[in-house]
Amino acid sequence: MAPIPLEGNQTPVGNNVPQEGNRGGSISLAILIDFIIQRTYHELTVLAELLPRKTDMERKIEIFNFSARTRQLFVRLLALVKWANSASKVDKSAHIMAFLDKQSLLFVDTADMLARMARDTLVNARLPNFHIPAAVEVLTTGTYSRLPLCIRERIVPPDPITNSERRSTLLRLNQVIQHRLVTGNLLPQMRDLKIESGRVTFTVKNEFEVSLTVMGDGPNIPWRLLDIDILVEDKETGGR
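Shown next as structure tokens:
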């Protein structure tokens with residue numbers, strides 16, 4: 001008969017001779033029955049040798065104790081024999097439970113590892129959000145009109161201004177220069193001036209002639225020097 005596991009999900013012990021230390025916690029049912037029979041026979045032999053020396057009451061007590069003890073032992077053996085019919089199912093169920101426990105531990109370890117990777121390893125590996133409007137415009141129109149103007153200015157030269165735009169710009173610049181001069185404080189020596197072509201030219205007789213302009217209409221924008229001509233003459237040579 002096949003070995004019967006006594007405790008847990010252990011590996012059965014084969015053959016009809018008990019192996020070293022009953023490895024695996026199992027023993028053959030035939031060996032167990034043989035052991036119980038030998039034990040009962042030994043106790044019965046000892047009892048038969050001792051009973052003649054005892055009184056009638058002591059003999060009855062010893063016989064009753066032996067009967068009760070032996071009956072209890074064989075009742076347990078009977079229960080074990082009945083259970084042996086379903087031992088394979090119990091063993092299979094234990095294997096299934098062990099497998100499910102192992103799978104559960106693997107799931108938990110995998111979840112912990114993924115969480116650790118998300119917190120530590122993959123923080124710097126995230127992709128930026130995709131620019132959906134740009135992709136839609138390129139796929140539908142074949143071009144993209146939302147690039148920064150600085151990119152266009154670096155690659156494509158600006159269109160030249162027309163003559164009318166140039167004239168209107170210089171006229172507006174003349175007005176700005178005139179307004180700055182009217183609202184500012186000029187030195188008496190710099191009253192000789194001329195405004196044209198977006199610049200003002202100051203002439204100080206026998207000293208210098210300078211041309212200035214401004215790069216905007218703000219009251220605090222500094223003047224920008226365009227040209228200067230020294231008018232001081234050398235007395236010996238008469239040259240400037």
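For the sequence shown, full-length UniProt numbering gives the first residue as 1, with consecutive numbering after it. Yeah, the Cβ is synthetic: ideal placement off N, Cα and C, and Gly gets one too.
For VAL156, no alpha helix (DSSP H) encloses it, and the DSSP letter there is neither H nor E. PHE66 sits close to LEU47, with the two beta carbons spaced by under 7 Å. Here LEU212 is buried, its C-beta having at least 16 other C-beta atoms within 10 Å.
Judged by beta-carbon spacing, LEU77 lies within the 7 Å limit of ILE36, meaning their Cβ atoms are closer than that value.
Per the C-alpha coordinates, the member of THR203, ALA87, GLU209 and ARG199 positioned closest to ARG224 is ARG199.
In this chain, VAL46 is not harboured by any beta strand (DSSP E); it is covered by the alpha helix (DSSP H) spanning 29–50. For ASP109, the enclosing alpha helix (DSSP H) covers residues 87–116. The straight-line gap separating the alpha-carbon atoms of ASN85 and LEU114 is approximately 46 Å. In the three-state reduction of the DSSP assignment, VAL123 falls in the helix class. A residue is called buried once 16 or more other Cβ atoms fall within 10 Å of its Cβ, and PHE107, having fewer, is exposed. Nearest C-alpha to VAL204 among LEU105, GLN189, SER168 and ILE151: GLN189. Here DSSP, grouped into helix, strand and coil, assigns PHE130 to coil. Contact annotation, ASP217 with VAL176: C-beta distance approximately 5 Å; criterion of less than 8 Å satisfied. Per DSSP, reduced to three states, the secondary structure at LEU181 is helical. C-alpha of LEU226 to C-alpha of ALA135: approximately 49 Å in a straight line. Nearest neighbour of ASN185 by Cα position, chosen from ARG167, GLU209, PRO128 and PRO219, turns out to be PRO219. For GLU196 and ASN174, the gap between their C-alpha atoms comes out near 6 Å.
Taking the CA atoms as reference points, PHE64 sits about 34 Å from ALA87. Taking a contact as a CB-CB distance under 8 Å, the pair THR201 and LYS194 counts as one, their CB atoms being some 5 Å apart. No residue range can be given for GLU207, since it is assigned to no beta strand (DSSP E) and is classified by DSSP as neither H nor E.
The residue from ARG146, ARG126 and LEU122 with its alpha-carbon nearest to that of ILE132 is ARG146. DSSP, reduced to helix, strand and coil, places VAL214 outside both helices and strands of the structure shown, so it counts as coil.
THR70 sits away from THR45, with the two beta carbons spaced by 7 Å or more.
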